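Protein chains: 4
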Amino acid sequence: MASIVVLAGSPSTTSRTAAVLDLLALRLTGHGHDVRIVSIRELPPGPLLAADTHHPAICDAVAAIAGAHGLIVASPIYKAAYTGLLKAFLDLLPQYALAGKTVLPLVTGGTPAHVLAVDYALRPVLTSMGAHVGQGYFVLDQLINLAPTTGPTLAPTAERPLLSIVDAFSEAVASFRPVTVTV
Amino acid sequence: MASIVVLAGSPSTTSRTAAVLDLLALRLTGHGHDVRIVSIRELPPGPLLAADTHHPAICDAVAAIAGAHGLIVASPIYKAAYTGLLKAFLDLLPQYALAGKTVLPLVTGGTPAHVLAVDYALRPVLTSMGAHVGQGYFVLDQLINLAPTTGPTLAPTAERPLLSIVDAFSEAVASFRPVTVTV
Amino acid sequence: MASIVVLAGSPSTTSRTAAVLDLLALRLTGHGHDVRIVSIRELPPGPLLAADTHHPAICDAVAAIAGAHGLIVASPIYKAAYTGLLKAFLDLLPQYALAGKTVLPLVTGGTPAHVLAVDYALRPVLTSMGAHVGQGYFVLDQLINLAPTTGPTLAPTAERPLLSIVDAFSEAVASFRPVTVTV
Amino acid sequence: MASIVVLAGSPSTTSRTAAVLDLLALRLTGHGHDVRIVSIRELPPGPLLAADTHHPAICDAVAAIAGAHGLIVASPIYKAAYTGLLKAFLDLLPQYALAGKTVLPLVTGGTPAHVLAVDYALRPVLTSMGAHVGQGYFVLDQLINLAPTTGPTLAPTAERPLLSIVDAFSEAVASFRPVTVTV
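Protein chains in written order, with the numbering used here: chain G, 2 to 184; chain B, 2 to 184; chain W, 2 to 184; chain F, 2 to 184.
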C-alpha cells in the first residue's frame with residue numbers, strides 16, 4: 002500500500018479531467034492505496050500565484066505532495082500545453098519536489114492533435130523536478146461522459162487502456178525503490 | 002508607430018525580468034511606439050485563474066492584447082519552462098488571440114542550462130495562438146543589475162545584443178503586414 | 002522574384018511528402034520564383050552521414066541552401082519527430098546556415114496525433130539555425146492522392162489552406178529584409 | 002545479469018560521446034551485464050538511410066536492440082537536438098521497438114545551453130517508441146579527456162554523478178519487470 006496524490010490541474014468547475022480522476026482515484030483505492038485528490042482550482046488563488054507556502058491550504062497541499070510515493074498529474078491541454086493553473090502549483094514546489102516519486106502524466110483534450118503535449122510539454126517539466134515519469138496517457142474529451150446525476154463514465158475504448166495503465170502505475174508505485182544519485 | 006504590449010510573466014515583486022522589461026519599454030517608446038506594460042502579477046488572482054474575462058482589470062488586459070500590433074512576452078524559467086502565472090493569462094485569451102501580431106519571446110534564468118526553454122517551451126505555445134514569433138532572447142540573471150535606487154542596468158554583453166534584437170523587433174512590428182490565410 | 006529551395010526529407014521512394022512538394026514548387030514557380038527541389042534521399046549516403054561537404058553533390062546542395070532567400074523544409078513524422086535523413090542534412094550545414102532566410106516547415110503524417118511535432122520538434126531546430134520560421138503546416142497522409150499516372154493531387158480541405166500558406170510564404174520571402182543583430 | 006546495448010549516435014571518428022560510452026560499457030560489464038556497443042556510424046550508410054533491414058549489418062543491429070533488456074542511447078547535440086545519424090537508426094526500428102526496455106539517455110555538448118535537449122528532444126522520441134526512460138544525463142565536452150594513448154577519462158565532477166546514474170540504471174535494468182498494457 003502506498004500514498005498517492007492525484008493532482009487535478011483543470012480550472013473548470015465541470016471538468017472532464019476531474020471526472021476521469023474520480024474514476025482513477027476509486028480504482029487506486031480499490032488496490033489498497035491511500036489516495037488523496039488535490040484540486041488546484043480549490044486552493045486560494047492569491048497565495049497560490051504568490052507562492053505563499055505559509056498559507057495553511059497551500060502548506061497542506063505541499064505537504065501532501067511531499068508525503069506521496071506516487072502522483073497522477075492531470076491537465077487538460079490549453080494552447081498546446083498544460084494549464085497555467087497546474088504550472089503555478091508546480092512552480093511553488095521545491096525544484097526536486099518529485100524526486101523519488103513515480104508519476105503518471107494524464108492529459109485530456111478535444112482533439113487527437115494535442116496528444117504530443119504529454120511528452121513534449123508536461124513530461125519535461127516533471128522530469129526537471131526529479132520525477133520518475135512512467136507511461137502517460139491522453140484521453141479524448143468525447144470519450145468522457147460527465148453524466149452529472151449517475152456519475153462520470155469512460156467509453157470502453159478509453160477505459161480499458163486507461164485502467165490498464167493505472168494498474169501498472171499502481172504496481173510501479175508499490176515496487177519503486179528510488180536509487181540515490183551522488184552528485 | 003505601432004501599439005506594443007510588454008507582457009510581464011514573473012510572479013516576483015523584485016523581478017529581474019520586470020527590470021529588463023522597463024529598459025526595453027523605454028527603448029521602444031524612444032522609437033515612437035505606444036508601449037504598455039501588462040504585469041500579470043498585478044491582475045486579480047481569483048478572476049485570472051477562473052478566466053473571468055468580465056472582471057474589469059482582466060477585460061482591460063485582454064483588450065490591450067487585442068489592440069496591440071506587437072508583444073514582448075517575458076518570463077523567468079521555472080521548472081524548465083515559462084511560469085504558470087504567464088500561462089494562466091495566455092489560457093484565458095482566445096485561441097488565436099495573437100494572430101497577425103509580431104511577438105518577441107524574452108526569457109531570464111539563473112543558468113545557461115535554461116536557454117532552450119525559449120524555443121522548446123514558450124515558442125510552441127505562442128505559435129499555437131497564431132503569433133508571428135521572431136527571434137527570441139535569453140538573459141542570464143547575473144547580467145541584470147537591479148540597482149533599486151538608480152534603476153536597473155544590463156551588463157554590456159547582454160545589453161548590446163538585446164537592444165539590437167529589440168530594434169529589429171521594433172522595425173518588424175512597424176512593417177509587418179499579416180497575410181490572411183483562407184481555411 | 003526570389004530563390005527558393007524546397008528541401009525534401011522523406012527517405013521513401015513513393016513519398017507523399019515529395020508529392021506535396023511537387024505541387025508547391027509548381028505554385029511558387031507560377032509566382033515567378035526560381036525554385037529548386039533538393040531531395041536529400043538522392044544525395045550520396047556515405048558523404049551525407051560523414052558530413053563530407055567536399056563531395057560535389059553535397060557541396061552543391063549546401064551551396065543551394067546558402068544561395069536561397071527562402072526554404073520549404075519538409076518531412077514526414079517518424080517516431081514523434083522529423084526524419085533522421087532530414088536532420089543528417091541539417092547537421093552538416095553551418096550552425097547559422099538559415100540566418101536571414103524565411104522558412105516554411107511542412108510536415109506530413111498518418112494521424113492528427115503528430116501535428117504538434119511541427120512546433121515542438123522541427124521548429125526549434127530551424128530556429129537554432131537562425132531561420133525566420135513562419136507559420137507551419139501539417140498535411141494528413143490520407144488527403145494526399147499520389148495518382149502515379151495523372152500526377153499527385155490534394156483533397157480540397159488540405160489544398161485550400163496549404164496554397165494560402167504557400168502564397169503567404171511567397172510574399173514573405175519576397176519582402177523579407179533580414180535585420181542584422183549586433184552581438 | 003541483463004543484456005545491455007550501448008547505442009552510439011555520434012558521426013565523429015574522434016567522438017567524445019564514444020569515449021564516455023567506452024567507460025560506461027566497462028562499468029556495466031563490471032556489474033555482470035552482457036554489454037554490446039552498437040556504433041551507428043559504422044553501419045553501412047546506404048542501407049541505413051534506406052531502412053534496409055535485410056542488409057546483414059543492419060539486421061544484426063536491429064536484432065541486438067530487440068534482444069536487449071536495457072539501452073544507453075547516446076548522442077552529441079547538434080542544432081539543438083540529437084544527431085540525424087541516431088534518428089536515422091531509430092527510424093528504421095519498429096514503432097514500439099523499445100517497449101519493455103529501460104533506457105538511459107546520454108547527451109554530450111559543448112555548452113550547458115544544450116542541456117534541455119535531453120528532455121525536450123531525445124526523451125519524447127524514446128517515449129514514443131515505448132521505452133521506459135529513466136533519468137538522463139548531460140556531459141559537458143570539456144569534462145571529457147580523450148587521451149588517445151592512455152584512454153579516455155572524465156573529470157571528477159562529471160564522473161561521480163555519471164557512474165552513480167549508470168549504477169542506478171544497472172539496478173533498474175536488472176529489476177525492471179515491464180507491465181503489459183491492454184489496448
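All residues carry an ideal CB built from backbone N, CA and C; glycine is no exception. Source: prediction; values computed, not measured.
Where residue i falls: helix, strand or coil (DSSP)
i	result
W/Pro45	coil
B/Gly131	coil
B/Val184	For B/Val184, the pLDDT reaches just 49, beneath the cut-off of 50, and the residue's location in the model is therefore unreliable, although a value from the coordinates is still provided. Coil, per DSSP.
B/Ile166	helix
W/Pro95	coil
F/Ile52	Strictly speaking, residue 52 of chain F in this sequence is Ala, with Ile absent from that position. Coil.
G/Ala114	helix
B/Ala175	helix
B/Ala100	coil
Element boundaries [beta strand (DSSP E), containing residue i]
i	result
F/Pro106	103-110
F/Leu72	71-77
Nearest residue (CA-CA) to residue i, options the options
i	options	result
B/Leu44	B/Thr151, B/Leu93, B/Ser171	B/Leu93
G/Thr103	G/Gly10, G/Arg124, G/His115, G/Gly111	G/Arg124
F/Ile73	F/Pro149, F/Ser40, F/Thr158	F/Ser40
W/Phe170	W/Arg42, W/Thr151, W/Leu105	W/Leu105
F/Val7	F/Thr15, F/Thr30, F/Met130	F/Thr30
F/Ala81	W/Tyr79, W/Gly131, W/Met2	W/Gly131
B/Leu99	B/Gly111, B/Val134, B/Tyr83, B/Leu87	B/Val134
F/Glu160	F/Tyr138, F/Thr151, F/Ala148, F/Thr150	F/Tyr138
W/Tyr97	W/Val126, W/Thr54, W/Tyr79	W/Val126
F/Ala20	F/Ala75, F/Ala114, F/Leu117	F/Ala75
G/Ile78	G/Glu172, G/Thr150, G/Ala175, G/Gly110	G/Gly110
W/Gln1	W/Pro95, W/Thr54, W/Ala173	The question about residue 1 of chain W has no answer, for chain W in this structure spans 2 to 184.
W/Pro149	W/Ala9, W/Thr14, W/Ala3, W/Asp168	W/Thr14
W/Thr151	W/Leu24, W/Thr128, W/Pro12	W/Leu24
F/Pro12	F/Ala65, F/Tyr83, F/Gly71, F/Leu147	F/Tyr83
G/His70	G/His56, G/Asp35, G/Val108, G/Ala51	G/Asp35
G/Ser16	G/Leu147, G/Leu91, G/Ala65	G/Leu147
In DSSP terms, what residue i is bridged to
i	result
B/Ser11	According to DSSP, B/Ser11 bridges with nothing at all.
W/Thr154	W/Asn146
G/Arg37	G/Val6
F/Tyr138	F/Leu107
W/Ala82	W/Tyr79
Limits of the unbroken alpha helix (DSSP H) element including residue i
i	result
F/Gly68	57-68
B/Val119	Taken as a continuous stretch (DSSP letters only), B/Val119 belongs to no alpha helix (DSSP H), as it is neither H nor E.
G/Ala202	Because chain G spans 2 through 184 in this model, residue 202 of chain G falls outside it and cannot be assessed.
*Interfacial residues, the region 118-129 of chain B to chain W, with Cβ spacing under 8 angstroms*: Answer in chain order: Asp120, Tyr121, Arg124, Pro125, Thr128, Ser129.
*asked:* Short of 8 angstroms Cβ to Cβ, which residues in the region 7-18 of chain G face chain B?
replied: Hits within the stretch, in order: Pro12.
_Residues, ordered as in the chain, of the region 81-106 of chain F that lie near chain W by beta-carbon distance below 9 angstroms_ = Taking 9 angstroms as the Cβ-Cβ cut-off against chain W, the residues of the region 81-106 of chain F that qualify are Ala81, Ala82, Tyr83, Thr84, Gly85, Leu86, Leu87, Lys88, Ala89, Phe90, Leu91, Asp92, Leu93, Leu94, Gln96.
*chain B contacts from the region 21-51 of chain G (Cβ-Cβ distance under 8 angstroms)*: For the region 21-51 of chain G, the set of positions with a beta-carbon nearer than 8 angstroms to some beta-carbon of chain B reads Arg42, Pro46, Gly47, Leu49, Leu50, Ala51 in chain order.
*In chain order, what residues of the region 55-81 of chain G put their CB closer than 9 angstroms to some CB of chain B?*
Under the 9 angstroms Cβ criterion, the region 55-81 of chain G contributes Tyr79, Lys80, Ala81.
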